[in-house]
Every structure is written in C-alpha cells, then in structure tokens.
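For the sequence shown, position 70 matches number 77 in the numbering used here, and the numbering has no gaps at all.
All C-beta atoms, glycine included, are put in the ideal place defined by N, C-alpha and C.
Report on one structure; see the data block that follows.
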Amino acid sequence: MSLYQRLVRDVLYPAALWRSGDFNQWRYLREFERTQYLPAEELRQLQWRRLQALLHHAYARCEFYRERFDRAGLTPGELRGLEDLGRLPLLEKSEIQEQRDRLVARDWPRHDLLPNHTGGSTGAPLSFFLSNDRLRSRNAATTRHNRWAGWDVGDKSAVLWGAPRDLPANRWRPWLRNTILDRQLFLDTGHLTETRLLAYHEALQRFRPKVMLAYARSALLFARFLHDRNLKPYRPHSIVTSAEVLEPADRALIEQVFGCPVFNRYGCREVSVIASECEHHAGLHVMAEGLYVEIVKDGRAAQPGELGSIVITDLLNHAMPLIRYRIGDLGAWAVGDCPCGRHLPRLQQVAGRVTDFLVGPDGRLVSGVFLATYLIGQRPSLGQVQLVQEVAGQVRFRIKRGANFREAEDLDFLQAATRRHLGAATVIDWDFVNDLPPEASGKHLFSRSSVALEYLRPGKAVRQPEEELACPRPN
Ligand SMILES: [Zn+2]
8 MSLYQRLVRD VLYPAALWRS GDFNQWRYLR EFERTQYLPA EELRQLQWRR
58 LQALLHHAYA RCEFYRERFD RAGLTPGELR GLEDLGRLPL LEKSEIQEQR
108 DRLVARDWPR HDLLPNHTGG STGAPLSFFL SNDRLRSRNA ATTRHNRWAG
158 WDVGDKSAVL WGAPRDLPAN RWRPWLRNTI LDRQLFLDTG HLTETRLLAY
208 HEALQRFRPK VMLAYARSAL LFARFLHDRN LKPYRPHSIV TSAEVLEPAD
258 RALIEQVFGC PVFNRYGCRE VSVIASECEH HAGLHVMAEG LYVEIVKDGR
308 AAQPGELGSI VITDLLNHAM PLIRYRIGDL GAWAVGDCPC GRHLPRLQQV
358 AGRVTDFLVG PDGRLVSGVF LATYLIGQRP SLGQVQLVQE VAGQVRFRIK
408 RGANFREAED LDFLQAATRR HLGAATVIDW DFVNDLPPEA SGKHLFSRSS
458 VALEYLRPGK AVRQPEEELA CPRPN
C-alpha cells in the first residue's frame, strides 16, 4: 500500500467522517473488520443480542409488530434463541406497501427517518425509512466487502451503473470529496450506444481505476463489445458485479476479456449489501453482523444446498424494523467452511433477477435494471411489470396491476416514460395478467430481450441515437 493510500485510509477518511458527523461509520468499519473472523458461535451470540434488542424495541414501539406478536400469542421475552424467530410469520412486500407507517417506530425523530425506495425488478416497488446510524453501518459494511475485492477507501474506481440518483451531486464539496477520497469515475450504462461504449473504453484507459463496480449485465455487454471488436481492454485489479444474475458463462467471459477476477455481490436497496464473494470465490459471505438471514422452504429452515426463499431481518435499523422480510429472491446455503477463515455464513447461490438490456428503435441499448428502477420504481401504482422484447424497437409489457392502478394515467405514464428512455418511435403493447410468478429456476424475470446481445456484433451497428441523451461526461 502506498503512502498516499495509507494517508487517505487512516487519516483523511476518518477525518472527513469526523467533520461530517458520521464518525460512527468508522467505528462500525473497525468492528466489522474484527467480527468477520469471530468463531461462528460468537457471531451467532452477537446476532442474538442484536435480535433481542430489535424485537423488544419493535414490540414496544411499532404498532404492526405489537399486533403480530399478539396474534402469534408471543412476547419477545419468550423467544430463546435465533431459531425461535421462525415462530413469527414472514413479512411480505405487500404488507410493507399497505402498512408502511405502522412499521415505523413511534416517536422516532422525523429528521432521522431517511426515505428510500426500491426499483421494480422483483415485484412492485416499495418505499421505506432508514435511520442515519443504519446508513453509516451500511456504508461501513460496503467498505468491508469492497476490501475483499482489493478495493479500499481512496482507491480509484469506475462505476458502470445506470443510476442517476447514485451519482455524486454537482457541488464543490462532494466533488472535492470524490476527487480525494472516493475517486470514482461514473460511466452511465442506463443508455448505451456504440459511440458511448467507445468513449468509456477510452475513459478507462485515461482514468486507470483499480476496481470496476458494475451491473452484471453492463459488464457482460461491455466485455462482449470489446471482445467482438478486438479492442484491448483496460485491465483493472478486480471487477465487482452486482444487482443482476451473473451466469457462470458470463463471468468467464468478463474475466477472460478484462483479465482479472470477478467478485459477485448480492444486495438490495432495503438492506444494502447482503452477501458477497471473498478472494476464494466459494459462495457469498453474508453481512451477518447487520443482517440475520434465513432460507425458508415450505415453512421450515432449508437444508444446506436446498433452494428456498431468502428471508432477512435487519438487525440495525430501529427506525423502521424489517423482521423476517421475504425479499422475493431464492437462494441456498453453502456447505462447510470457507478457506479464507471468515465464519460469516455463505450463500452458495442466489437465483436473482433477469434484467436484460432492451434495444430501442434507433439501436440504443437500455439497461433493464435502469428501467426497473427509474421507470417502474417511480410509479408504484403500476404494480408488478415484466418486459419482453423479440424485435428491436418493440416491447410488450405484462402488467399485474397494483391496488391503486388507474388505467388511463398509468398507461400514459408507462408509454411516455418508455419512449423517453428507449426512443420516441418505440412500439409498445401490453397485457394484463393475474400473476407474474418467478421462473421454475427461481429467477425473477423483469426484462428479457432475444435481440439485445445481437446488437453488439460489429456491423450490426449500435447506432448513434436519434437525439443525444443527457448523460454525465466521463472524466
Ligand atoms: Zn471466504
């Protein structure tokens, strides 16, 4: 590690946190660095202490959970260990949508309720609140998991992401912080064209990031683009993929093209990083100090290797507790210990979200996660939506209408927003359906395009879009 990196990590970073009043983030980071190596039993004791505190708090201050305990004929004091949590019912997304305010702790200070919301890639979007302290522990958890991929505070990184909300604000203070501490190059993959992919290729050669953080499909698409054109890719130290399913063949191609290992990660807006790979790539270690994760199959705990529903209890968000939240993804526990020496439990696999890129009428490629977040996620009344594409420039929506669905307004919004992102000439069609179940593999299908990857072939032309799209310039 260079002197500069040491200065950033040990002096500038804690000093910046101190000045901004976020010093607890530093404390959490130090704690998580230590606890990841605790013996498994001590880790479970830590989880149990945190769970007890959460349950007592939720019972005393959240109307929703008080009622839930009463109906189950239980009080928090009657639970004797982590396994007893299974005596409480699961928390469904629809319950959060319908009764959100009853989950918020009574008399919690308003200034400490940070609003957030999810996209719509695994169902209808939902909104929720975090405390400032939870935001800090989430940031600290992300930093710890980044370090497993060789990515520390102060290292240069490039972010291939399609999320305008996650971009640094255009103000001098965040700019200074980004320049010295975060040092990130944002490459918006929400909308892609051949011109833009070439610009990103050149920007990476200039910026020379240590690590790339990418939507899995964006990394794949970029890798195929470079590979098909025989361009010599910039070679980072590692690539962290997230937010989408990473198939083994896709990982192999990304690793081959960029000549570095891929570290897969699983997370969501509701609880941030859930699990990620360490340097042994033998499954994904759970962020167990902040989350108690269960895998449930037919109402019981799944055996190792057995696919079941992922159920999460956020141990550290007391502002709006999420207890036994069925997140909508399926996963399975890994068997045995990881050679890295960390005793954080490991997920062997997660059957995540299928969010293919879609092709606009002018040949632009638009990220499925981007559409889930910034089109469907902005309009909860739409309910749950799937997108299918078999011809470039055409999309068919399958809509499971939400409780507050208003046909004229919601369909107008859907068409206008789709044309804004995919292009004005997009042909749009839709069906109403009663259910949008996961696929047999357990994966959630949000968007499927049988033509998107074809559009990367040289000569097939990912053309310049009909109008120049607003996007942040690389560098
Ligand atoms: Zn490990």
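In whole angstroms, what is the alpha-carbon distance linking residue i and residue j?
i	j	result
VAL366	LYS450	22 Å
ARG172	GLU85	Any reading at ARG172 is ruled out, since the residue's pLDDT is 47, under 50, leaving its predicted position unreliable.
ASN177	VAL247	The predicted model places ASN177 with a pLDDT of 49, which falls under 50 and marks its position as unreliable, so this point remains unresolved.
GLU70	HIS292	33 Å
LEU120	SER457	42 Å
TYR35	GLU286	22 Å
THR320	ARG331	5 Å
GLY2	SER138	With the chain running from 8 to 482 in the structure shown, residue 2 is simply not present.
ASP91	GLN104	26 Å
PRO311	PRO444	24 Å
GLU201	ARG236	11 Å
ALA289	PRO346	9 Å
CYS478	ALA459	Summary for CYS478: the model assigns pLDDT 39, below 50, so the residue's position carries little reliability; its value from the coordinates is reported in the next sentence. Whole-angstrom Cα-Cα distance: 21 Å.
ARG154	GLN422	42 Å
ARG107	LEU238	50 Å
LEU429	ASP363	14 Å
ALA22	PHE377	34 Å
PRO240	PHE232	10 Å
GLU38	LEU50	12 Å
LEU14	TRP33	15 Å
LEU81	ALA67	13 Å
VAL395	TRP437	10 Å
PRO243	ARG215	8 Å
ALA399	GLN191	33 Å
LEU463	VAL357	28 Å
GLY169	ARG57	35 Å
GLU414	VAL392	14 Å
What residue range is occupied by the uninterrupted beta strand (DSSP E) comprising residue i?
i	result
ASN123	121 to 124
ASP336	332 to 340
ASP140	It is not in any beta strand (DSSP E) - ASP140 instead sits in the alpha helix (DSSP H) that spans 139 to 155.
HIS325	Where HIS325 is concerned, there is no enclosing beta strand (DSSP E), given that its DSSP letter is neither H nor E.
HIS451	451 to 456
THR248	245 to 249
VAL392	391 to 396
ALA165	164 to 168
ASN271	269 to 275
GLN385	Run containing GLN385: none; DSSP gives neither H nor E here.
GLN191	191 to 195
Using a Cβ-based criterion (distance less than 6 Å to any ligand heavy atom), does residue i qualify as near ligand 1?
i	result
ARG408	no
HIS287	yes
ARG203	no
ARG272	no
CYS347	yes
Could you check where the alpha helix (DSSP H) with residue i kicks off and where it finishes?
i	result
GLN355	No alpha helix (DSSP H) holds GLN355; the beta strand (DSSP E) holding it covers 353 to 358.
ASP483	Only positions 8 to 482 of the chain appear in the structure, and residue 483 is not among them; the question remains open.
ASN31	30 to 42
ALA221	Unbroken run through ALA221 is the beta strand (DSSP E), 218 to 222; no alpha helix (DSSP H).
THR202	201 to 214
ASP114	No alpha helix (DSSP H) contains ASP114, which DSSP labels as neither H nor E.
LEU10	10 to 14
GLN59	47 to 68
ALA282	From DSSP, ALA282 is part of no alpha helix (DSSP H) but of the beta strand (DSSP E) over 279 to 283.
GLY375	375 to 378
ILE487	With the chain running from 8 to 482 in the structure shown, residue 487 is simply not present.
LEU24	20 to 26
GLN422	414 to 429
Subject >> Cβ contact (3+ pairs, closer than 8 Å) linking the segment 12 to 31 and the segment 262 to 281 >> reply: no
Original post:
Would you say the segment 386 to 399 touches the segment 121 to 132, given that touching needs at least three Cβ pairs under 8 Å?
Top reply: With the cut-off at 8 Å, the segment 386 to 399 and the segment 121 to 132 touch.
Original post:
Are three or more beta carbon pairs between the segment 401 to 413 and the segment 350 to 364 nearer than 8 Å?
Top reply: no
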